[in-house]
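Engineer:
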Amino acid sequence: MARKTKAEAEATREAILDAAEQLFFEKGVSCTSLEQIAGAAGVTRGAIYWHFRNKQDLFEAMLGRVSNPMSARLEDLLEQQRDITALRAICIDSLRQLATSEHHFRVFSILFLRTESDTGLAAQDQLSGKAVEQLTDYFSAEPVRHDLAEGVTPKLAAMSIHTYFAGIYFEWLKAPQRWNLAEQTPALVDVILRGLLRPGVNFRDRA
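Going from the sequence shown to the numbering used here is simple: count from 1 and add 630.
1) Please state whether the Cβ-Cβ distance between residue 579 and residue 650 is less than 8 Å.
2) Run the CB neighbour count on residue 753, radius 10 Å, all protein chains shown included, and call it buried at 16 or more, exposed below.
3) Pick from 834, 709, 825, 818: whose alpha carbon is nearest that of residue 725?
4) Is the distance from the Cβ of residue 659 to the Cβ of residue 696 below 8 Å?
5) Return the chain-ordered list of same chain residues with a C-beta closer than 6 Å to the C-beta of residue 820, the five sequence neighbours on each side being excluded.
6) Looking at residue 764: is its Cβ nearer than 8 Å to the Cβ of residue 705?
7) How big is the Cα-Cα spacing for residue 803 and residue 680?
8) Could you tell me which of 811, 648, 707 sits nearest to residue 670, measuring between CA atoms?
9) Which runs of the alpha helix (DSSP H) at least 4 residues long sit entirely within the segment 633 to 709? Give them in chain order.
10) Please go through the same chain and pick out, in chain order, the residues whose beta-carbon is closer than 8 Å to the beta-carbon of residue 700, but skip the five residues on each side of it.
11) For residue 751 and residue 808, I'd like the C-alpha separation in whole angstroms.
12) Would you mind stating whether residue 734 and residue 728 have Cβ atoms separated by less than 8 Å?
13) My output table needs one value for residue 834: the three-state DSSP class, helix, strand or coil.
14) Identify the residues that DSSP records as bridge partners of residue 751: which are they?
15) Express the C-alpha separation of residue 815 and residue 801 in angstroms, rounding to a whole number.
16) May I ask which residues mark the beginning and end of the alpha helix (DSSP H) holding residue 784?
17) At the level of alpha carbons, what is the spacing between residue 787 and residue 638?
18) Quick check on the DSSP output: the alpha helix (DSSP H) that includes residue 820 runs from which residue to which?
If you want it as structure tokens, here you go:
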């Protein structure tokens, strides 16, 4: 019975997050109330407070469903000291998920385009800071550091990749019909990597 209760509680939590994601996407974060989320999820407002402290906590949990797996992949990249080919694969996956997953499209649209308060800006700053820190650590370790072009420091490489991808996310989310992101993803990733790596470094065909 305890396991069933735990499973039911998790299902309720996911239903709340699904409802919040849909309403935040349709109405914006500031214009969505907890009462509206509860109604869409088919739960009471008390059930929301059982799982989340407030709307900001709910917003951060919704965002974490897409950002935490990517953060975990970057941590694994550093721990395993994998070369630039592995980073290329992660970058390609992240853009393709954005282009092909409605879930990712909604969440990042909310983050970049539908947060009318400091909540979204704070979340963007937090995610940016963590991503740059992880990438700086990654580029600081061998064998990747040896592959960086002359004059490109690990911090510069990290900031360049993060800023480049943030720009792609923002511009594509504003008008996804203008270009085929899923099809062009490998070329987009290779453009930034070529600018960061020494001439002759092969970052696509390594084992």
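Using N, Cα and C, we set each Cβ at its ideal position, and we do this for glycine too.
Quick caveat, the model's predicted, so the values are computed rather than measured.
Structural biologist: Quick answer:
1) The structure shown does not extend to residue 579, since the chain spans only 631 to 837, so no value can be given for it.
2) Classification of residue 753: buried, given that the 10 Å Cβ count is 16 or more.
3) If we check each option's Cα against that of residue 725, 818 comes out closest.
4) For residue 659 and residue 696, no; Cβs fall outside 8 Å.
5) So the list is empty, once near-sequence residues are dropped.
6) Yes. Within cutoff.
7) Computed Cα separation, rounded: 33 Å.
8) Nearest C-alpha to residue 670: 648.
9) Qualifying alpha helix (DSSP H) stretches, in chain order: 664 to 671, 675 to 681, 685 to 709.
10) Here the set comprises 720, 724.
11) Distance between the alpha carbons of residue 751 and residue 808: 26 Å.
12) A contact, by the Cβ cut-off of 8 Å.
13) Three-state result, residue 834: coil.
14) For residue 751, which the question treats as bridged, DSSP gives no partner whatsoever.
15) Near 14 Å, if we compare the C-alpha coordinates of residue 815 and residue 801.
16) Segment 784 to 804, the alpha helix (DSSP H) holding residue 784.
17) The alpha-carbon of residue 787 is positioned some 45 Å away from that of residue 638.
18) 811 to 826 is the span of the alpha helix (DSSP H), which, as asked, contains residue 820.
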